[in-house]
Every structure is written in C-alpha cells, then in structure tokens.
Amino acid sequence: MPSKTVEFRYLQVITNHLSGDRVTVGLAHWDGVALRFACAVASLRDHAGFVDIERAVRAIERSVTQRGEELRSASSGVLFSPTLAELAPGSELVGDALVWSEVRRGITGDAAAHFTELGSKLGLLPRHHDAERFSSSTIRSALESLARDFHAFPELVKTSVELHDHYRFKAPVSWKNGAWNHAVPLNLDVDTQLELETRIRATLGRVITAIPRAEIPVLVAALPQRPNPALRDVEKEARYAQEAIGAHARLAHIRSSGGRIDTSEVRTMIDADIAGHVVRAVLVTRQ
Numbered sequence: 020m021p022s023k024t025v026e027f028r029y030l031q032v033i034t035n036h037l038s039g040d041r042v043t044v045g046l047a048h049w050d051g052v053a054l055r056f057a058c059a060v061a062s063l064r065d066h067a068g069f070v071d072i073e074r075a076v077r078a079i080e081r082s083v084t085q086r087g088e089e090l091r092s093a094s095s096g097v098l099f100s101p102t103l104a105e106l107a108p109g110s111e112l113v114g115d116a117l118v119w120s121e122v123r124r125g126i127t128g129d130a131a132a133h134f135t136e137l138g139s140k141l142g143l144l145p146r147h148h149d150a151e152r153f154s155s156s157t158i159r160s161a162l163e164s165l166a167r168d169f170h171a172f173p174e175l176v177k178t179s180v181e182l183h184d185h186y187r188f189k190a191p192v193s194w195k196n197g198a199w200n201h202a203v204p205l206n207l208d209v210d211t212q213l214e215l216e217t218r219i220r221a222t223l224g225r226v227i228t229a230i231p232r233a234e235i236p237v238l239v240a241a242l243p244q245r246p247n248p249a250l251r252d253v254e255k256e257a258r259y260a261q262e263a264i265g266a267h268a269r270l271a272h273i274r275s276s277g278g279r280i281d282t283s284e285v286r287t288m289i290d291a292d293i294a295g296h297v298v299r300a301v302l303v304t305r306q
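Take the sequence shown: its letter number 216 is residue 235 in our numbering, and every next letter is one higher.
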C-alpha cells in the first residue's frame, strides 16, 4: 500500500491556565479523501464547565461528520483538496477553555489504521484488544454501588457527595469516622508515563481544590492490569500522590476480578471505620 500524508489535530480542554495543563477530548484526522473525528469527554465529568464543554464537543462532532459526508459526496468533482486547518478551524471554541492544537502531519500506508491507533492511545476510541482496562466511569460506578451496599447506615455512608472547597467534586462514596472520608478515584491503568503523570497531577489538583481541609481524601488507585515496561513503579507513584497530599491522606487499591472491579479493599476500610459507630448505635437502641 503506497504511503500518503495525513493531517491531524487535537481538540483539547485547558484545565489549568497557569500551568498550561490540557486534556485531549477530540481528534480530527484528514487524509485528503476521508475526514475522521473521534471524541470522549467522560474524563471531564467533574470539571466545572463540563456541560458547556460536552455540548460544544458534540456540536463539533456533528459539524465535522457532516463535512466529511459532504466531502465524500463531492470527491469526484473537487479540484483542490482543502487542508485540515480549513476543515477544522483552530479558533477558541468555548471561552478560552476548549481549543484546537496546531495541525500535525504524518506519513502512513493506512490512514484508517493511523486514525484508529491515535484515537485508541488517547482514549477516544474503544480498545477492542484490552476490554479489561479500567475506565474512570466504571471505577466511579463500582464505588457508588459499594456505597449503596451500606444503605442501612445513611448517616455514616453516603454516595455522590458534592464537595466544594474552591472547585466542585462529587465523591462516589464517603463515610464518617470522626471526620468524613471521601473516595477520590485515581485511574492509573494507562499506557504511557505521560498519561500516568497527567492523571496524578489532575487528581492532586482535585483533592487540593475541592476537599475541605478538615476532611480526609482517600485515593482509590486502579493499577495497570498488565505489566507495562513503559511505566515506572506505578504503585510507588500512587504512594507519592498520597504523601504529596499530606499525612491525613489515605490510600486504597481496586483490582479486576473475574471481569469485574474488586472494591473489597475499600469495603474493608469502610467496615473498620464505621464499626465503632455502628456498635454504639446498637447499644443506644437497646437501651
């Protein structure tokens, strides 16, 4: 198959204007014949502007898809092929938060495979070869389900607790042991060191800006399901995140078991923390 030049650019959300931190939520890809687009915004569900960003990304998806269909219909009559910069203009899209990256170019013998490879690495397309990989949404769902298992103790264990110190964060499970403890998912089931570092930085920022100082963050770390020589000691990195928050922070792990997420370590922590409160409640009731 002859090689051809492809153009691609990333649709990104600037999550911190001071540090320049960005999260990629979309990919536009153009090989001169087919215009492709992939997007995923679930990783920004806790972002203050999530609703506006999701709406804008979906509008871009519809626009690019429509433009791609128009190009396919008119391909035989096109004299000059447009550039990706013309097909997906790089102007600011939602205030100054949602932006296109610069246009990049590559050489490939299979444009469709190149798009799939890029989209999969960015988490914008499903990974058919590693369905067991953790996702942020499945981790959150598993922790919310765990919280519901303690429905008999509504004053001690809660789900979907909205926290707001400076920015907002919704904890999937929170429980009381003197102070409130809030689970903070830390999905480290990633491919690259850059992804690992980006997720740790984002989680540290979430803890510092959303959880009140008098309450306790519990990092719930999902470690890679398969050995990955491209990553440093991931468990050590999780402990670093815990230590960076401070002595009051706690750390638990979740694992995959039989195709399901095993939250037993978090369950054991909750059981131990609320046990004394439950016993006292029972004694009071009997009196």
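All C-beta atoms, glycine included, are put in the ideal place defined by N, C-alpha and C.
Please read all numbers here as calculations on a predicted model, not as lab measurements.
Of the residues 200, 23, 271, which one's Cα is nearest the Cα of residue 52? As a position in the sequence shown, residue 52 is number 33, starting the count at 1. When each option's Cα is compared against that of residue 52, the closest is 23.
Is it the case that the stretch 182–191 contacts the stretch 267–275, given that we only count it when at least three CB pairs across the two stretches are under 8 Å? no
Same chain only: Cβ atoms within 8 Å of residue 293, ignoring 5 sequence neighbours per side: Here residue 293 refers to the residue found at position 274 when the sequence shown is read from its first residue. Counting only Cβ-Cβ distances below 8 Å, and skipping sequence neighbours, we find 169, 172, 175, 176, 194, 195, 196.
Please name the residue in 287, 258, 221, 266 whose C-alpha comes closest to that of residue 155. Numbered from 1 along the sequence shown, position 136 holds the residue referred to as residue 155. Comparing Cα-Cα distances from residue 155 to each of 287, 258, 221, 266, the minimum goes to 221.
In the DSSP assignment, the beta strand (DSSP E) including residue 187 goes from what residue to what residue? Counting from one through the sequence shown, the residue named residue 187 turns up at place 168. 187–196 is the extent of the beta strand (DSSP E) around residue 187.
Should residue 264 be labelled buried (16 or more other beta-carbon atoms within 10 Å of its own) or exposed? Walking along the sequence shown from the start, residue 264 turns up at place 245. Label assigned to residue 264: buried.
Which class does residue 45 belong to by DSSP, given the choice of helix, strand or coil? Here residue 45 corresponds to residue number 26 of the sequence shown, with the count starting at 1. It is a strand residue.
Can you give the beta carbon distance from residue 137 to residue 90, rounded, assuming they're within the 8 Å contact cut? By 1-based counting over the sequence shown, the position of residue 137 is 118. By 1-based counting over the sequence shown, the position of residue 90 is 71. 20 Å between Cβ atoms; not a contact.
Cross-strand partners of residue 274 (DSSP beta bridge): Translated into the one-based positions of the sequence shown, residue 274 becomes position 255. Looking at the DSSP assignment, residue 274 forms a beta bridge with 281.
Nearest to residue 40 (by Cα), restricted to the options 31, 48, 46, 101: Locating residue 40 in the sequence shown gives position 21, where the first residue counts as 1. Per the Cα distances, 31.
Beta-carbon proximity list for residue 50, same chain, < 7 Å, skipping 5 on both sides: Stepping through the sequence shown from its first residue, residue 50 is reached at position 31. Within the same chain, residue 50 has close Cβ partners 23, 25, 130.
Determine the contact status of residue 190 and residue 202, defining contact as a CB-CB distance below 8 Å. Within the sequence shown, the letter at position 171 stands for residue 190. Within the sequence shown, the letter at position 183 stands for residue 202. Taking 8 Å as the Cβ cut-off, residue 190 and residue 202 qualify as a contacting pair.
Nearest to residue 229 by CA position, among 86, 258, 257, 67, is which residue? Taking the sequence shown and counting its residues from 1, the one referred to as residue 229 is at position 210. When each option's Cα is compared against that of residue 229, the closest is 67.
So which of 107, 284, 166 has the shortest CA-CA distance to residue 76? On the sequence shown, residue 76 is found 57 positions in, with the first residue counted as 1. For the residues 107, 284, 166, the minimum Cα distance to residue 76 belongs to 107.
State buried or exposed for residue 246, treating a residue as buried only when at least 16 other CB atoms are found within 10 Å of its CB. In the sequence shown, counting from the first residue as 1, residue 246 sits at position 227. Result: exposed.
Three-state secondary structure (DSSP) of residue 258: Position 239 of the sequence shown, counting from 1, holds the residue named residue 258. Three-state DSSP puts residue 258 in a helix.
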